[in-house]
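Our numbering numbers the first residue of the sequence shown as 1 and each following residue consecutively.
Right, one structure below, let's go through it.
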Amino acid sequence: MKSNKQRRTELRELRQKRQEKHKAKAIALEQDKVRKNMPANAVRCNPEALAPSSSYYTVLPFVDRGYYIDLPFQCVDCQKQEIWTAAQQQWWYEVAKGNVLSFAVRCRACRHMERDRKIEARRIHLEGVAKKLAMTSTIPE
Ligand SMILES: [Zn+2]
């Protein structure tokens, strides 16, 4: 003979198990839906791998959708039409931890030119700083 308390505990455990099963089923169904709607070259999005952001109130399309899709954009420097591929987006947001609100603005060629320009600008700047330091340190007291 089981006590009422034992029976209640048993029932609660059963209910919990049932709810967990339902939840798992719902998640699997949702994932299946996402998979079925994914275009051929889409890449699944893992929200947990994204860089932390303060913009929690912004609905990110790739998180909402569950996957990245190829996106066309125009290079800000040469105006060329380019495609930011789903795979590149996943790398940028999840591996490089790029800002979740950032978006591709330059084509590959212009991006490399911009990087070289920045490196050169930094070199010239540091040279100038070194020169200034050398000048001030030789001023007699
Ligand atoms: Zn360009």
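Virtual Cβ for every residue (Gly too), placed ideally from N, Cα, C.
Same chain, Cβ closer than 7 Å to residue i, neighbours up to 5 away in sequence not counted
i, result
"arginine 111", "none"
Other residues of its chain near residue i: CB distance less than 6 Å, five sequence neighbours each side excluded
i, result
"lysine 25", "none"
Buried or exposed by the 16-neighbour rule on C-beta atoms within 10 Å, applied to residue i
i, result
"phenylalanine 103", "exposed"
"glutamine 89", "buried"
"alanine 222", "Absent from the model: residue 222. The displayed extent of the chain is 1 to 141, so no value can be given."
"valine 43", "buried"
"cysteine 78", "exposed"
Residue i vs residue j beta-carbon contact at 9 Å
i, j, result
"tyrosine 67", "methionine 113", "no"
"lysine 97", "alanine 40", "no"
"lysine 2", "glutamate 10", "yes"
Chain-order list of residues whose beta-carbon lies under 8 Å from that of residue i (same chain, five-residue window excluded)
i, result
"glutamine 74", "Lys80, Gln81 and Glu82"
"valine 142", "In this structure the chain extends from 1 to 141, so residue 142 is not present and cannot be described."
"serine 53", "Asn99, Val100 and Leu101"
Integer Cβ distance of residue i from residue j, believed to fall under 8 Å
i, j, result
"threonine 136", "leucine 101", "So it is not a contact: roughly 42 Å between Cβ atoms."
"alanine 49", "glutamate 94", "4 Å"
"aspartate 70", "alanine 86", "5 Å"
Contact with chain C by residue i, beta-carbon distance below 9 Å
i, result
"arginine 35", "The displayed structure is made up of one protein chain only, and chain C is not part of it."
Bridge partners - residue i, DSSP secondary structure assignment
i, result
"glutamine 19", "In DSSP, glutamine 19 forms no bridge with anything."
"valine 43", "Tyr68"
"glutamine 81", "Gln74"
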